[in-house]
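First the structure, in the form of structure tokens, and then the observations on it.
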């Protein structure tokens, strides 16, 4: 018990920021899923929560890749605070693009993440920001 | 992803192993078309499938609509918790029967 509390205490003080840049191609989706799972494990997310994050990041990236300019990069910025993981994924687009909110990808993404924002305010870029808190679905 | 189709009874059983995502759906779609030449009654055996996202859901839904239009059936067996959760999130579980085992799917 004491050990577990200490570990949580240590992690609460960590602010990790990790950036990943990959070709904007679906062949790299599995790499991002693996990175997501590895980073989520650092925050002591449960296995179910890690799986939710893995799926949510995959869906967000798959949505962006449909609008991405071929030959450009996808960037994923992971920020880990004590209780929460925030992920911003971004691609280059032609003009202002909006993610389709009426399809299965958006349905799955919004069900599995605690917060989802589509950021399409600047031309030629589109981003999705998603957040998940540790233990959010459970009573304290 | 690896995919294999075999006839079992009057069913065509499509066994999916590995990750089903945007990179592998076209391969599965081809396999489904080939499987229909064996039988109009399809079972997706997901025991070895480690990951599925909404791209996989679209393949299952296509198979379901095609089966409904042509008098066939589609069912799923032995999905791991994560693919099962995705199917339930989009409401697919209400249309396509999910069996715990292949044996149960073959008997149903």
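Protein chains in written order, with the working numbering: chain A, 1 to 140; chain B, 1 to 108. Note that beta-carbon positions come from the ideal geometry of N, C-alpha and C, so glycine has one too.
Could you check what DSSP says for residue 96 of chain B in three-state terms: helix, strand or coil? Taking the first residue of the second chain as position 1, residue 96 of chain B is located at position 96. Coil at residue 96 of chain B, not helix or strand.
For residue 122 of chain A, count the other beta carbons within 10 Å of its own beta carbon; 16 or more makes it buried, fewer makes it exposed. Which is it? Residue 122 of chain A sits at position 122 when you count from the first residue of the first chain. By the neighbour-count rule (16 or more Cβ atoms within 10 Å), residue 122 of chain A is not buried but exposed.
What are the complete alpha helix (DSSP H) segments, minimum 4 residues, inside the segment 8-62 of chain A? 29-42
Could you please give the first and the last residue of the uninterrupted beta strand (DSSP E) stretch that includes residue 38 of chain B? Locating residue 38 of chain B in the second chain gives position 38, counting from the first residue. No beta strand (DSSP E) contains residue 38 of chain B, which DSSP labels as neither H nor E.
Cutoff 7 Å; reference residue 8 of chain B; Cβ partners in own chain excluding five residues on either side: Stepping through the second chain from its first residue, residue 8 of chain B is reached at position 8. Around residue 8 of chain B: 106.
Report the option in A:83, A:31, A:126, A:112 whose CA atom is closest to the CA atom of residue 135 of chain A. What you label residue 135 of chain A is simply residue 135 of the first chain in a count that begins at 1. Looking at the Cα atoms, A:83 is the closest of the given residues.
Alpha helix (DSSP H) runs contained entirely in the segment 38-81 of chain B, provided each spans 4 or more residues: 54-70
Neighbour list for residue 98 of chain B in chain A, Cβ cutoff strictly below 8 Å: Residue numbering aside, residue 98 of chain B sits at position 98 when the second chain is read from its first letter. Here the premise fails: no neighbours, minimum Cβ distance about 17 Å.
Which of the three DSSP states, helix, strand or coil, is assigned to residue 86 of chain B? Walking along the second chain from the start, residue 86 of chain B turns up at place 86. In the structure shown, residue 86 of chain B sits in a helix (DSSP, three-state: H, G or I).
Please compile the residues from chain A whose C-beta is within a distance smaller than 8 Å of the C-beta of residue 17 of chain B. Here residue 17 of chain B refers to the residue found at position 17 when the second chain is read from its first residue. Here the premise fails: no neighbours, minimum Cβ distance about 14 Å.
Measure from the alpha carbon of residue 131 of chain A to the alpha carbon of each residue in A:56, A:27, A:74, A:75, then state which is nearest. Working through the first chain from its first residue, we reach residue 131 of chain A at position 131. Nearest of A:56, A:27, A:74, A:75 to residue 131 of chain A, Cα basis: A:56.
Burial state of residue 56 of chain B (16 or more Cβ within 10 Å): Reading the second chain from its first residue, position 56 is the one you call residue 56 of chain B. Residue 56 of chain B comes out buried.
Could you have a look at residue 104 of chain B and say whether DSSP puts it in helix, strand or coil? Working through the second chain from its first residue, we reach residue 104 of chain B at position 104. Looking at residue 104 of chain B - three-state DSSP - the assignment turns out to be helix.
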